[in-house]
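One structure is given below, encoded as structure tokens.
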Amino acid sequence: MASHSAQTRIEAQTIMKARLKGAQTGRNLLKKKSDALTLRFRQILKKIIETKMLMGEVMREAAFSLAEAKFTAGDFSTTVIQNVNKAQVKIRAKKDNVAGVTLPVFEHYHEGTDSYELTGLARGGEQLAKLKRNYAKAVELLVELASLQSSFPGLNVLLLISSQSWMRESEKSFIGLLKLTVIDHFLFSIFQRLYLLNDLLVYVL
Amino acid sequence: MLEGAELYFNVDHGYLEGLVRGCKASLLTQQDYINLVQCETLEDLKIHLQTTDYGNFLANQTNPLTVSKIDTEMRKRLCGEFEYFRNHSLEPLSTFLTYMTCSYMIDNVILLMNGALQKKSVKEILGKCHPLGRFTEMEAVNIAETPSDLFNAILIETPLAPFFQDCMSENALDELNIELLRNKLYKSYLEAFYKFCKNHGDVTADVMCPILEFEADRRAFIITLNSFGTELSKEDRETLYPTFGKLYPEGLRLLAQAEDFDQMKNVADHYGVYKPLFEAVGGSGGKTLEDVFYEREVQMNVLAFNRQFHYGVFYAYVKLKEQEMRNIVWIAECISQRHRTKINSYIPIL
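Have a look at this one:
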């Protein structure tokens, strides 16, 4: 009789332990995912700050080279605006996978030739070429910044969700652990009383 | 033409020459530029300009003051002065002044043609046209459907007609690249202007011809420099060089074959005037070829005032005034963008 109750006790214990282990593994996986997301989040944040600082410098440089070009070539703004037809720099949106989460990434590419190749042929061509280079750099930096900033809120939300679920899981597993300990003690005390009763009965009979 | 301009020049043009010399005396001096460079904001700049001959030209501007407002007001002032000269002039000075406006007219026509082709509204393009290049047929431009229509109906009335006829047949107008058209027109304009001055003879030819020759050579050099690495072929490039000046004809032929800056420099070394200019490129101040050419142009224009009884003073005054406007806009931009490292790269005049 004692062995039978001991068996059920051990079985009950094993089942609980297995469930606890399952909960713990799940919790660890979630923690890893949350950690990976946090890491990526911090990297992106750092990159955003760097890019924004750089953006300020690059735009300043580009605006100054516009002033230089105007000094040598005169006012070419109307000519440029009038001759606009197709975009030379375009962007493609791609998906990037991070810890099972897809984030958008923008990539720029060039298409077609420069339709302003001969502008400033007789005056200011050198300054115009420098101007084109500076603004091209600014546009590329903008695309990068857009890519970072568009993934930022998505990542933020995901991080919150995953950290919430991680916290829920750890709460669950903590409670599970607590339950197990309580039940274990309870069962132990019950079984102790059963043994005592058993012994008493044997003694009486 | 009879020699002895001093005998009869003042009868027709004395008043205007006196006027233009008075205007020239009011150009900003080195001291004025030093004061302007030390300004911290555009408001300071405005206050400093009030002490010069510009006076209160910015008085009616609303806040905030921008560089483009300064530019527009200065240009209005110059146009006012030029229109006054033109309205009071007699032949042949009036033809001379008309020739001067042709270069702005060319720019305006190119702008209008482009706009008409792209079906843009005429009003907004008219606002962007250079006021000195105004001609009466401007508003009628939107009637034309194609460039050849434009030419036949409208441009044939303007002083630009012979330049268009020089460049090409009417059919070719449709396909030609707009920049090539602009440069070809400018080439025929310069040649016509040069012929006019030369035929006039006298002191005007003495003063204007070297200035125009320098302009032609400068265009040849700059076009060559800017066409390296573009799809402009050597033959096309050669058609854009004006056919007069020190470089004509051997230098131009050599230039057409040049493929980089050093080869161009070798061509320039054959000419005593251009050798030191090319040597000044680069150097300590990081000067470009264009800066060096601008300085030389300013020098020649200032020297034009040393002789009397010729029309070159009008040309020189307008060019110097434009350079002064560019200088002021440059200083204003450096101040407003707080980028003061190159603020002293303006070109001093007096």
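Just so you know, the protein sequences line up as chains A and B, in that order. Using our numbering, the first residue of the first sequence is number 1, and each one after it goes up by one. Using our numbering, the first residue of the second sequence is number 1001, and each one after it goes up by one. Glycine included, every Cβ here is placed at the ideal spot set by N, Cα and C. No experiment lies behind these values; they were computed from the predicted model shown.
7 Å Cβ shell around Glu1333 of chain B - same chain, five flanking residues per side excluded: Residue mapping note: residue 1333 of chain B aligns to position 333 of the second sequence, counting from 1. Within the same chain, Glu1333 of chain B has close Cβ partners Val1067.
Ala67 of chain A at chain B interface by Cβ criterion, 7 Å: If you number the first sequence from 1, residue 67 of chain A lands on position 67. Yes, contact with chain B.
Closest residue to Leu1350 of chain B among B:Leu1303, B:Ile1343, B:Arg1338 (Cα-Cα distance): If you number the second sequence from 1, residue 1350 of chain B lands on position 350. Here the closest residue by C-alpha is B:Leu1303.
Lys1120 of chain B (DSSP reduced to helix, strand or coil): Residue 1120 of chain B sits at position 120 when you count from the first residue of the second sequence. Lys1120 of chain B: coil per DSSP, three-state reduction.
Residues sharing a beta bridge with Pro104 of chain A, DSSP: For the purposes of this step, residue 104 of chain A is taken as residue 104 along the first sequence, with counting starting at 1. Partner residues in the beta bridge of Pro104 of chain A, as assigned by DSSP, are A:Lys95.
Cutoff 7 Å: Gln164 of chain A Cβ touching any chain B Cβ: Indexing the first sequence from 1 puts residue 164 of chain A at position 164. Not one chain B Cβ lies under 7 Å of Gln164 of chain A.
Contacting residues, own chain, Cβ-Cβ under 6 Å from Lys31 of chain A (five flanking each side not counted): Locating residue 31 of chain A in the first sequence gives position 31, counting from the first residue. Answer for Lys31 of chain A: Trp166, listed in chain order.
Opposing strand residues paired with Tyr1099 of chain B [DSSP bridges]: Start at 1 with the first residue of the second sequence, and residue 1099 of chain B comes out as number 99. BP columns for Tyr1099 of chain B are empty, so no partner.
Opposing strand residues paired with Lys90 of chain A [DSSP bridges]: Along the first sequence, one-based indexing puts residue 90 of chain A at 90. Residue pairing for Lys90 of chain A: DSSP places it in a beta bridge opposite A:Tyr109.
Distance between Ala138 of chain A and Val58 of chain A (C-alpha atoms, nearest Å): Numbered from 1 along the first sequence, position 58 holds the residue referred to as residue 58 of chain A. Numbered from 1 along the first sequence, position 138 holds the residue referred to as residue 138 of chain A. Computed Cα separation, rounded: 6 Å.
Cβ neighbours of Glu144 of chain A in the same chain (closer than 7 Å, five flanking residues each side left out): Translated into positions along the first sequence, residue 144 of chain A becomes position 144. Correct list, in chain order: Thr51.
Near-chain A residues of the segment 1287–1310 of chain B - C-beta to any C-beta below 7 Å: Those residues of the segment 1287–1310 of chain B that come within reach of chain A (Cβ to Cβ, closer than 7 Å) are Thr1288, Glu1290.
Bridge partners - Gly960 of chain B, DSSP secondary structure assignment: With chain B covering 1001 to 1350 only, the question about residue 960 of chain B has no answer from this structure.
Buried or exposed (CB count within 10 angstroms, at least 16 for buried), Asn1301 of chain B: Here residue 1301 of chain B corresponds to residue number 301 of the second sequence, with the count starting at 1. Buried: at least 16 other Cβ atoms inside 10 Å.
Contact list for the segment 116–150 of chain A against chain B, Cβ threshold 7 Å: Those residues of the segment 116–150 of chain A that come within reach of chain B (Cβ to Cβ, closer than 7 Å) are Glu117, Leu118, Thr119, Gly120, Leu121, Ala122, Arg123, Gly124, Gly125, Glu126.
Within 9 Å of chain B by C-beta, residues of the segment 42–56 of chain A in sequence order: So the list is empty, because no residue satisfies the distance condition.
Candidates B:Tyr1346, B:Asp1053, B:Arg1340, B:Asn1344, of which the one nearest Arg60 of chain A by Cα: Here residue 60 of chain A refers to the residue found at position 60 of the first sequence. When the alpha-carbon of Arg60 of chain A is set against those of B:Tyr1346, B:Asp1053, B:Arg1340, B:Asn1344, the nearest one is in B:Arg1340.
is_contact[Asn1114 of chain B, chain A] using C-beta, thresh 7 Å: Residue numbering aside, residue 1114 of chain B sits at position 114 when the second sequence is read from its first letter. Closer than 7 Å: yes.
Beta-carbon proximity of Tyr135 of chain A to Ala62 of chain A, cut-off 7 Å: Residue 135 of chain A sits at position 135 when you count from the first residue of the first sequence. Residue 62 of chain A sits at position 62 when you count from the first residue of the first sequence. At the C-beta level, Tyr135 of chain A and Ala62 of chain A come within 7 Å of one another.
For Pro1348 of chain B, three-class secondary structure by DSSP: Counted from its first residue, the second sequence places residue 1348 of chain B at position 348. Under the three-state reduction of DSSP, Pro1348 of chain B is assigned to coil, being neither helix nor strand.
CA-to-CA distance, Thr1098 of chain B to Met1001 of chain B, given in whole angstroms: Here residue 1001 of chain B refers to the residue found at position 1 when the second sequence is read from its first residue. Here residue 1098 of chain B refers to the residue found at position 98 when the second sequence is read from its first residue. Because Met1001 of chain B carries a pLDDT of 47, less than 50, the predicted location of this residue cannot be relied on, and the following value inherits that uncertainty. Approximately 20 Å, taken between the alpha carbons.
Residue range of the unbroken alpha helix (DSSP H) whose run includes Leu155 of chain A: If you number the first sequence from 1, residue 155 of chain A lands on position 155. Per DSSP, Leu155 of chain A is one residue of the alpha helix (DSSP H) stretching across 125–204.
Assumed close pair Glu1290 of chain B, Lys1319 of chain B - CB separation to whole angstroms, cut-off 8 Å: If you number the second sequence from 1, residue 1290 of chain B lands on position 290. If you number the second sequence from 1, residue 1319 of chain B lands on position 319. The beta-carbon distance between Glu1290 of chain B and Lys1319 of chain B, rounded to whole angstroms, is 15 Å. This is too long to meet the 8 Å contact definition.
Closer than 7 Å at the beta carbon, the chain B residues around Ala63 of chain A: The sequence position of residue 63 of chain A within the first sequence is 63, counting from 1. Chain B residues near Ala63 of chain A: Gln1337.
Cβ-based contacts, 8 Å cut-off: residues of the segment 1215–1237 of chain B near chain A: Within the segment 1215–1237 of chain B, the residues whose Cβ lies closer than 8 Å to some Cβ of chain A are Arg1219, Ile1222, Ile1223, Leu1225, Asn1226, Ser1227, Thr1230, Glu1231, Leu1232, listed in chain order.
Length of the line joining the Cα atoms of Lys1321 of chain B and Phe1135 of chain B: Start at 1 with the first residue of the second sequence, and residue 1321 of chain B comes out as number 321. Start at 1 with the first residue of the second sequence, and residue 1135 of chain B comes out as number 135. In this structure, the CA atom of Lys1321 of chain B is about 22 Å from the CA atom of Phe1135 of chain B.
Proximity to Lys33 of chain A [Cα-Cα], best of A:Leu201, A:Phe188, A:Ser163: Within the first sequence, numbered from 1, the residue matching residue 33 of chain A stands at position 33. Comparing C-alpha distances from Lys33 of chain A to each of A:Leu201, A:Phe188, A:Ser163 shows the shortest one belongs to A:Ser163.
is_contact[Leu37 of chain A, chain B] using C-beta, thresh 7 Å: As a working note, residue 37 of chain A is residue 37 in the first sequence. Interface flag for Leu37 of chain A against chain B is unset, since no Cβ pair is found closer than 7 Å.
Proximity of Arg37 of chain A and Leu194 of chain A at Cβ, strictly below 7 Å: Position 37 of the first sequence, counting from 1, holds the residue named residue 37 of chain A. Position 194 of the first sequence, counting from 1, holds the residue named residue 194 of chain A. Checking the displayed sequence, the identity of residue 37 of chain A turns out to be Leu instead of Arg. For Leu37 of chain A and Leu194 of chain A, no; Cβs fall outside 7 Å.
Euclidean distance between Cα positions of Gln1257 of chain B and Lys1234 of chain B: Taking the second sequence and counting its residues from 1, the one referred to as residue 1257 of chain B is at position 257. Taking the second sequence and counting its residues from 1, the one referred to as residue 1234 of chain B is at position 234. Approximately 7 Å, taken between the alpha carbons.
Status (buried if at least 16 other CB within 10 Å, exposed otherwise) for Val1020 of chain B: As a working note, residue 1020 of chain B is residue 20 in the second sequence. For Val1020 of chain B, the number of other beta carbons within 10 angstroms of its own is at least 16, and it is reported as buried.
Contact with chain A by Glu1324 of chain B, beta-carbon distance below 7 Å: On the second sequence, position 324 is the one that residue 1324 of chain B refers to. By this cut-off, Glu1324 of chain B is not an interface position.
9 Å Cβ cut-off: residues of chain B touching Asn83 of chain A: Counting from one through the first sequence, the residue named residue 83 of chain A turns up at place 83. In chain order: Asn1114, Gln1118, Ile1178.
Against chain A: residues of the segment 1127–1142 of chain B by CB proximity under 7 Å: For the segment 1127–1142 of chain B, residues whose beta-carbon sits nearer than 7 Å to a beta-carbon of chain A comprise Lys1128.
Exposure of Ala1268 of chain B, with buried meaning 16 or more beta-carbon neighbours within 10 Å: Counted from its first residue, the second sequence places residue 1268 of chain B at position 268. With 16 or more neighbouring CB atoms inside 10 Å of its own CB, Ala1268 of chain B falls in the buried class.
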